[in-house]
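Engineer: Sharing a structure below in structure tokens format, with a few things to ask.
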Ligand code: ADP
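Residue numbers (our numbering): 2 to 538.
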């Protein structure tokens, strides 16, 4: 069993670790030409303190206080001065972490534009004012900084903290806060090549002799930084900017590169500006790229979920409609038995009721057929096996199915002239289904006394069948929509015509599965013609 040290011990260890890292980073920074021995070019401890408090909680603040206090004593500040500076440094880190934590939804990964903007403005830009002000005031009061130096010291202090926050905190935040996904070996290779290029470029730009270096050559690093952000998002951006900053500082300090001056701190302002601008720019670019990747990822997930839901829906429809058919067949069987008077004599009125039951049952069965057919199409479980079919025979076979309905509405039916040479390559059952849907629509949408005409012809290598009615017609702007599943011209509870809006969708899909097509022509108020084309045999 793993033995975990007690919480207090862990807390003290964390405090000690942070204080040591803080002091080490500060001592390293002070080597770089500190103003009066205290304010420096890049004050990394600011970034370290801010990131640690954000990542591991405010309770680590005593480590910042102690760390800063020790560093300042070490550098020769008087006791009270060192205490003042330490308080300023602690308030800066606690304040920065506090404001960022207060922003709803703030992500430590810095992979959103608004988070980067808040970080740059509030934590790096504003909270560092606290430390610069309290720090410089404390040292001035203690007599360590001369009154004439106050303004210069304040600016250097603030810029040093700002740059430290900008460069160091994001690196820690991005790399320590995120659950990292393993990169493919190709990506690792790409990162390695990019790092190498960046190192060489930076050494070339910032390591060259100062006399030969011009400010313009600094721009050479930008394509590599852009590339890092584009290819590796926020992580690439912060890392590349950190590498650049580290080499730029090193080069300038040892007297090389475009920012080197005979007196070191003359060049520092330009270097700090360069670092601040480059860091902010690429943090923003990296976050923007990360946002773009995230929204693509969401879109992909959303699509997957939609597809899954669609499959589930189709499966459900298929199972449900299939299962409903069984009891329906039982109902129809018993109605037939009653009708045959097997269970005793049936009166005229009872017979008329039985016939209504049968009609409703037929209607329900047709609806279920539609749903089942649609579900099969949706789930891609549609298998067609084509063979030569004499079109005339297929049409005549359907007449019986609609006869009753046509009689009721006193519709006249014009059948095609018999032509056994008109042969289509079709799946007979699917062809029956398509023609039944088209004919049923004609009958359904034609008022009493109207006419349904069916014809067939050969056009080049296709056989065309048309079903023409003198019905209500379809508005031209909806002629294509009616092929969408569940689309009906007339909608809502007052709808006069039965149906589910699936017939045409199924008909078109079936026809296309047989390398044919279905389309409509229509004049509202005059009638419609539905066309079916299939390859001729
Ligand atoms: P359903 O007939 O079950 O509603 P369909 O997919 O067969 O579904 O048809 C979709 C819609 O197209 C119908 O609701 C109707 O508004 C319109 N429609 C189809 N055929 C005709 C027709 N012959 N005459 C008028 N409208 C039609």
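Where a beta carbon is used, it is the ideal one built from N, C-alpha and C, also for glycine.
Count the other CB atoms, across all protein chains shown, that sit within 10 Å of the CB of residue 360; report buried if there are 16 or more and exposed otherwise.
Structural biologist: By the 10 Å Cβ count, residue 360 comes out exposed.
Engineer: So, for residue 479: in the same chain, excluding its five sequence neighbours on each side, which residues have a beta-carbon less than 7 Å away from its beta-carbon?
Structural biologist: Closer than 7 Å at Cβ, skipping near neighbours: 490.
Engineer: Measure the alpha-carbon distance for residue 522 versus residue 292 and round it to whole angstroms.
Structural biologist: The straight-line gap from Cα to Cα measures roughly 48 Å.
Engineer: Looking only at DSSP bridge pairs, what is residue 463 linked to?
Structural biologist: Answer is 460, 536, bridged to residue 463.
Engineer: Below 8 Å on the Cβ atoms is my contact criterion, and I expect residue 238 with residue 198 to pass it. Report the Cβ-Cβ distance as a whole number of Å.
Structural biologist: That belief does not hold up - the Cβ atoms of residue 238 and residue 198 are roughly 15 Å apart, past 8 Å.
Engineer: Return the CA-CA distance between residue 506 and residue 375, expressed in angstroms with no decimal places.
Structural biologist: One C-alpha to the other measures close to 8 Å.
Engineer: Which ranges does the alpha helix (DSSP H) cover as unbroken runs of at least 4 residues, wholly within the segment 384 to 460, from first to last along the chain?
Structural biologist: With a minimum length of 4 residues, the continuous alpha helix (DSSP H) runs that stay inside the segment 384 to 460 are 392 to 409, 429 to 445.
Engineer: Expressed to the nearest angstrom, what Euclidean distance is found between the alpha-carbon atoms of residue 37 and residue 100?
Structural biologist: Bear in mind that a pLDDT of 42 at residue 37, under 50, signals an unreliable position, so the number given afterwards is only what the model happens to contain. Cα to Cα, residue 37 sits roughly 31 Å from residue 100.
Engineer: Flag residue 527 as yes when its Cβ comes closer than 8 Å to any non-hydrogen atom of the ligand ADP, and as no otherwise.
Structural biologist: It does not: the Cβ of residue 527 is nowhere closer than 8 Å to a heavy atom of the ligand ADP.
Engineer: Taking buried to mean at least 16 other C-beta atoms within 10 Å of its own C-beta, is residue 95 buried or exposed?
Structural biologist: Residue 95 comes out buried.
Engineer: May I ask you to verify whether the segment 459 to 479 touches the segment 432 to 445, counting CB pairs closer than 8 Å and requiring at least 3?
Structural biologist: Yes: at least three Cβ pairs fall under 8 Å.
Engineer: Is DSSP giving residue 531 helix, strand or coil here?
Structural biologist: In this structure, residue 531 counts as strand in the three-state DSSP scheme.
Engineer: Could you tell me the distance, in whole angstroms, from the CA atom of residue 35 to the CA atom of residue 10?
Structural biologist: Low per-residue confidence applies at residue 35: pLDDT is 48, beneath 50, and the placement is therefore not dependable enough to give any value.
Engineer: Could you say which of 56, 370, 456 lies nearest to residue 319 if we only look at CA atoms?
Structural biologist: Cα-wise, what sits closest to residue 319 is 370.
Engineer: Looking only at its chain, what residues have a beta carbon closer than 6 Å to the beta carbon of residue 453, apart from the 5 residues adjacent to it on each side?
Structural biologist: Closer than 6 Å at Cβ, skipping near neighbours: 412, 414, 443, 470.
Engineer: When burial is assigned at 16 or more other CB atoms within 10 Å of the CB, is residue 314 buried or exposed?
Structural biologist: With fewer than 16 other Cβ atoms within 10 Å, it is exposed.
Engineer: Buried or exposed: where does residue 39 fall if 16 or more other Cβ atoms within 10 Å of its Cβ makes it buried?
Structural biologist: Bear in mind that a pLDDT of 46 at residue 39, under 50, signals an unreliable position, so the number given afterwards is only what the model happens to contain. Answer is buried; the Cβ neighbour count reaches 16.
Engineer: On a CA-only basis, which of 450, 514, 381 is nearest residue 428? Give me that one, please.
Structural biologist: Measuring from the Cα of residue 428, the nearest candidate turns out to be 514.
Engineer: How far does the alpha helix (DSSP H) with residue 101 in it extend, from its first residue to its last?
Structural biologist: First-last of the alpha helix (DSSP H) with residue 101: 80 to 103.
Engineer: Does the separation of the CB atoms of residue 178 and residue 93 fall below 9 Å?
Structural biologist: Against a cut-off of 9 Å, the Cβ pair of residue 93 and residue 178 comes out as no contact.
Engineer: Can you determine whether any heavy atom of the ligand ADP sits closer than 8 Å to the C-beta of residue 481, and answer yes or no?
Structural biologist: No, the beta carbon of residue 481 sits no closer than 8 Å to any heavy atom of the ligand ADP.
Engineer: Would you check if the distance between the CB atom of residue 119 and the CB atom of residue 90 is smaller than 9 Å?
Structural biologist: No, Cβ-Cβ distance for residue 119 and residue 90 is not below 9 Å.
Engineer: For residue 462, which of 485, 529, 425 has the nearest alpha-carbon?
Structural biologist: Out of 485, 529, 425, 425 has the C-alpha closest to the C-alpha of residue 462.
Engineer: CB residue 163 to CB residue 97, shorter than 9 Å?
Structural biologist: Contact flag unset, no.
Engineer: May I ask you to list the residues that DSSP assigns as paired with residue 522?
Structural biologist: 530, per the DSSP bridge assignment.
Engineer: Are the segment 14 to 34 and the segment 58 to 68 touching, with three or more C-beta to C-beta distances below 8 Å?
Structural biologist: Segments in contact, yes.
Engineer: How is the alpha helix (DSSP H) around residue 1 delimited, first residue to last?
Structural biologist: No answer is possible for residue 1: the residues shown for the chain start at 2 and end at 538.
Engineer: Suppose you measure from the CA of residue 74 to the CA of residue 250; what does that come to, to the nearest Å?
Structural biologist: If I take the Cα positions, the gap works out to 26 Å.
Engineer: Mind checking who residue 469 pairs with in its DSSP beta bridge?
Structural biologist: According to DSSP, which records beta bridges pairwise, residue 469 is partnered with 454, 530.
Engineer: Between which two residues does the alpha helix (DSSP H) harbouring residue 154 extend?
Structural biologist: Note, residue 154: alpha helix (DSSP H), 151 to 178.
Engineer: Taking residue 349 as part of the alpha helix (DSSP H), name the residues at either end of that continuous run.
Structural biologist: Start and end: 349 to 379.
Engineer: Restricting to Cα atoms, I'd like to know which of 29, 48, 28, 60 is closest to residue 8.
Structural biologist: Nearest C-alpha to residue 8: 60.
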